[in-house]
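The opening position of the sequence shown corresponds to residue 236 in the working numbering, with each subsequent residue numbered one higher.
Glycine is no exception: its CB is placed at the ideal position from the N, C-alpha and C atoms.
Report on one structure; see the data block that follows.
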Amino acid sequence: MNWTEVSVKTASEAVEAVSSILMELGAAGIQIEDANENLNYERADETVYIDWDELNLPKVGAIVSGYFDEDDFDPAILPQIKAKVTQLGEFGLDYLPGEVVVKDIDNQKWATAWKKYYHPVRVTRNLTIVPSWLDYQPAQSDEKLIVLDPGMAFGTGTHPTTRLMLEALTIVVRGGERVLDVGTGSGVLSIAAKHLGVGTITATDIDDIAVAKAQENLALNPVAKDIDVHVSDLLKDVAAENVDLIVANILAEVIHPLIPQAWDKLRLGGYFLTSGIIKDKFTEIRDAQIAAGFKIEQSLQIGDWYGIIAYKPNPDDVNEFTAQG
Numbered sequence: 236m237n238w239t240e241v242s243v244k245t246a247s248e249a250v251e252a253v254s255s256i257l258m259e260l261g262a263a264g265i266q267i268e269d270a271n272e273n274l275n276y277e278r279a280d281e282t283v284y285i286d287w288d289e290l291n292l293p294k295v296g297a298i299v300s301g302y303f304d305e306d307d308f309d310p311a312i313l314p315q316i317k318a319k320v321t322q323l324g325e326f327g328l329d330y331l332p333g334e335v336v337v338k339d340i341d342n343q344k345w346a347t348a349w350k351k352y353y354h355p356v357r358v359t360r361n362l363t364i365v366p367s368w369l370d371y372q373p374a375q376s377d378e379k380l381i382v383l384d385p386g387m388a389f390g391t392g393t394h395p396t397t398r399l400m401l402e403a404l405t406i407v408v409r410g411g412e413r414v415l416d417v418g419t420g421s422g423v424l425s426i427a428a429k430h431l432g433v434g435t436i437t438a439t440d441i442d443d444i445a446v447a448k449a450q451e452n453l454a455l456n457p458v459a460k461d462i463d464v465h466v467s468d469l470l471k472d473v474a475a476e477n478v479d480l481i482v483a484n485i486l487a488e489v490i491h492p493l494i495p496q497a498w499d500k501l502r503l504g505g506y507f508l509t510s511g512i513i514k515d516k517f518t519e520i521r522d523a524q525i526a527a528g529f530k531i532e533q534s535l536q537i538g539d540w541y542g543i544i545a546y547k548p549n550p551d552d553v554n555e556f557t558a559q560g
């Protein structure tokens with residue numbers, strides 16, 4: 236099988252959004268070459284080494300490449316990709332230059348090369364993301380592994396929005412919580428939450444393909460064996476009520492309609508954790524949560540990306556996090 240590569244030259248802050256656009260339009264895998272990758276990377280241990288010169292990353296911005304089965308590729312999607320990428324500007328994301336480039340790829344060359352872009356990545360003090368094909372041994376006794384198999388989707392690190400959410404989970408989780416993971420994607424947040432000691436998790440994504448990919452990753456992690464993942468437009472098809480924690484690493488424009496849904500699903504004192512919020516949208520999203528009745532416990536930041544720890548207050552405005560310090 237050969238592949239058609241569709242590459243989008245864009246800004247670093249639009250990497251996740253452009254990746255989603257390509258996947259939604261049929262890409263079997265994603266390659267990310269980001270000038271900021273070496274800034275976001277953190278070694279899992281001293282045996283892990285990345286030769287950044289060898290990776291030949293862009294000097295500025297990023298290149299997001301989607302790979303399409305050559306036999307099924309329809310050039311008619313190219314104007315759709317361009318239009319959807321340009322539309323990101325309406326959501327406050329810098330997408331420029333937004334150039335779309337197409338070329339054919341020899342599968343034999345790619346099959347032997349793409350896995351070198353993956354490596355174990357320490358994302359918090361005791362959580363490490365590990366590709367499923369690597370035999371990685373924890374460097375310390377309390378280190379927990381999140382095993383992922385991204386198929387042919389690869390990059391060289393973990394996006395700041397994911398790190399923000401993992402940090403927020405580490406701050407908030409006490410153990411035994413009922414959790415909703417909205418827009419679960421790879422399932423990484425659900426797996427991490429299980430490692431941190433939460434109870435039951437319902438994870439959702441918007442289509443069957445995304446759910447299937449999440450289920451494949453969950454199956455690689457025994458701790459995640461009882462996670463329920465299914466298709467839902469945000470929380471519209473979720474029956475759970477009075478949950479303790481809702482997590483959502485999604486773009487700001489999608490957080491807006493989620494806010495009232497999260498309020499309805501949370502118990503009093505329950506937490507609403509959001510990330511994927513670019514700098515220009517932070518005040519807007521924070522104020523929208525406050526207007527809905529949420530209290531802001533803490534905001535987190537990595538570069539131009541923000542995360543918010545909010546909670547649904549009890550009548551006396553005391554929650555578990557405040558009470559326990």
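If I'm right that residue i touches residue j with Cβ under 8 Å, what's the distance once you round it to whole angstroms?
| i | j | result |
| --- | --- | --- |
| K216 | A487 | Any question about residue 216 goes unanswered here, given that the chain covers just 236 to 560. |
| A252 | G296 | Not quite, the Cβ-Cβ distance comes to about 14 Å (not below 8 Å), so this is no contact. |
| Y359 | L424 | Going by the sequence as given, residue 359 is Thr instead of Tyr. That belief does not hold up - the Cβ atoms of T359 and L424 are roughly 12 Å apart, past 8 Å. |
| V466 | K429 | The Cβ separation is near 21 Å, so there is no contact. |
| D472 | T437 | Incorrect: roughly 10 Å between the Cβ atoms, too far for contact. |
Does the beta-carbon of residue i have 16 or more other beta-carbons within 10 angstroms, so that it is buried, or is it exposed?
| i | result |
| --- | --- |
| G528 | exposed |
| Q266 | buried |
| K448 | buried |
| G420 | buried |
| Q372 | exposed |
| P310 | exposed |
| A427 | buried |
| E268 | buried |
| I256 | buried |
| D339 | exposed |
| T518 | exposed |
Measuring only the C-alpha atoms, how far is residue i from residue j?
| i | j | result |
| --- | --- | --- |
| V337 | A545 | 43 Å |
| I485 | T509 | 8 Å |
| T282 | D551 | With a pLDDT of 36 at T282, under the threshold of 50, the predicted position of this residue should be treated as unreliable, and no value is reported. |
| I316 | S254 | 11 Å |
| I406 | T397 | 14 Å |
| Y302 | Y506 | 38 Å |
| P332 | L313 | 16 Å |
| Q536 | G542 | 6 Å |
| V243 | V299 | 5 Å |
| N361 | D377 | 6 Å |
| L431 | P395 | 20 Å |
| M258 | A445 | 9 Å |
| A412 | L404 | Here residue 412 is Glu; the residue named in the question, Ala, does not match the sequence. For E412 and L404, the distance between alpha carbons rounds to 11 Å. |
| K379 | L399 | 18 Å |
| I481 | Q496 | 10 Å |
| V320 | V382 | 31 Å |
| I525 | Q322 | 28 Å |
| D461 | V335 | 41 Å |
| I285 | A263 | Summary for I285: the model assigns pLDDT 45, below 50, so the residue's position carries little reliability; its value from the coordinates is reported in the next sentence. Approximately 26 Å between the Cα atoms of the pair. |
Please work out which residues of its chain come closer than 7 Å, Cβ to Cβ, to residue i, disregarding the five sequence neighbours upstream and downstream, and give them in chain order.
| i | result |
| --- | --- |
| G324 | Y330 |
| E248 | L328, D329, I513 and D539 |
| H491 | A523 |
| L443 | The displayed chain sequence assigns Asp, not Leu, to residue 443. Closer than 7 Å at Cβ, skipping near neighbours: V466. |
| L260 | I312, Q315 and I316 |
| G434 | G411, E412 and R413 |
Between residue i and the rest of its own chain, which residues show a CB-CB distance below 6 Å, the 5 nearest in sequence each way excluded?
| i | result |
| --- | --- |
| F308 | T239 |
Excluding five sequence neighbours on each side, which residues of the same chain lie with their C-beta closer than 8 Å to the C-beta of residue i?
| i | result |
| --- | --- |
| R521 | I531, S534 and I543 |
Check your understanding: Does the region 470–479 come close enough to the region 443–462 to have 3 or more Cβ pairs within less than 8 Å?
Key -> no
Would you call the region 501–508 in contact with the region 530–550, where contact means no fewer than 3 C-beta pairs closer than 8 Å? yes
Check whether the region 413–420 and the region 361–377 are in contact - that is, three or more C-beta pairs closer than 8 Å.
The region 413–420 and the region 361–377 do not touch, with fewer than 3 CB-CB distances between them shorter than 8 Å.
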